[in-house]
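Here the sequence shown is numbered in our numbering, starting from 110 and rising by one per residue.
A short write-up of the structure that comes next.
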Amino acid sequence: MTPGLLSLPRGYYAVHPDVSLNFQMNRWFSWVGEAGMLEEMRTVAPRIATYADWQREFAALAQQALAKGQNLRAAYYLRAAEFFLLADAACLAALEAGFPRKCRQLWLGIQVITAWLDSQAAKAQQG
Numbered sequence: 110m111t112p113g114l115l116s117l118p119r120g121y122y123a124v125h126p127d128v129s130l131n132f133q134m135n136r137w138f139s140w141v142g143e144a145g146m147l148e149e150m151r152t153v154a155p156r157i158a159t160y161a162d163w164q165r166e167f168a169a170l171a172q173q174a175l176a177k178g179q180n181l182r183a184a185y186y187l188r189a190a191e192f193f194l195l196a197d198a199a200c201l202a203a204l205e206a207g208f209p210r211k212c213r214q215l216w217l218g219i220q221v222i223t224a225w226l227d228s229q230a231a232k233a234q235q236g
């Protein structure tokens with residue numbers, strides 16, 4: 110792999126004994142690809158026995174990630190927290206607001222970086 114390129118995980122990991130929850134945890138991890146995320150989910154997995162536990166633990170992981178400036182991880186933890194909620198759950202609106210906001214912030218950052226890289230490439234071609 111070329112240094113600096115995004116490296117997404119391969120394979121399927123044992124994170125939770127419940128097959129459905131384990132699948133979802135693998136899905137979130139595969140989209141973010143940060144090894145620390147896998148370890149964080151393994152840490153909270155023993156505390157998850159119900160969907161309410163799932164929501165609580167992933168919301169807490171999101172808050173921790175936000176505090177560390179890990180915005181991509183936080184966005185997907187927020188998405189995970191709201192994944193199993195019913196459409197009329199009282200906390201759904203707050204969680205749904207968090208995921209798109211974080212995604213927009215990340216997308217704007219990517220656009221700025223891409224524009225800068227394009228400008229640098231254009232300068233290099235000019236001479």
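C-beta atoms are modelled at their ideal positions from N, C-alpha and C, and glycine is treated no differently.
Next on the checklist: Whole angstroms are fine: how far does the CA of H125 sit from the CA of G142?
Outcome noted: For G142 and H125, the distance between alpha carbons rounds to 18 Å.
Next on the checklist: Applying the 10 Å Cβ sphere with the 16-neighbour rule, what's the burial state of E148?
Outcome noted: Result: exposed.
Checklist entry - DSSP on F192, reduced to helix/strand/coil? => result F192 falls in the helix class under three-state DSSP.
Next on the checklist: What residue range does the alpha helix (DSSP H) around A168 cover?
Outcome noted: Where A168 is concerned, the enclosing alpha helix (DSSP H) stretches over Y160 to A176.
Checklist entry - Roughly how many whole angstroms lie between the Cα atoms of A158 and R182? => result Each residue's alpha carbon lies about 22 Å from the other.
Checklist entry - Taking the Cβ atom as the reference point for each residue, do W163 and F193 lie within a distance shorter than 8 Å? => result Taking 8 Å as the Cβ cut-off, W163 and F193 qualify as a contacting pair.
Next on the checklist: Suppose you measure from the CA of K177 to the CA of W140; what does that come to, to the nearest Å?
Outcome noted: If I take the Cα positions, the gap works out to 19 Å.
Checklist entry - Apart from the five residues just before and just after M146, which ones in its own chain have a Cβ nearer than 6 Å to its Cβ? => result So the list reads F138 and R182, once near-sequence residues are dropped.
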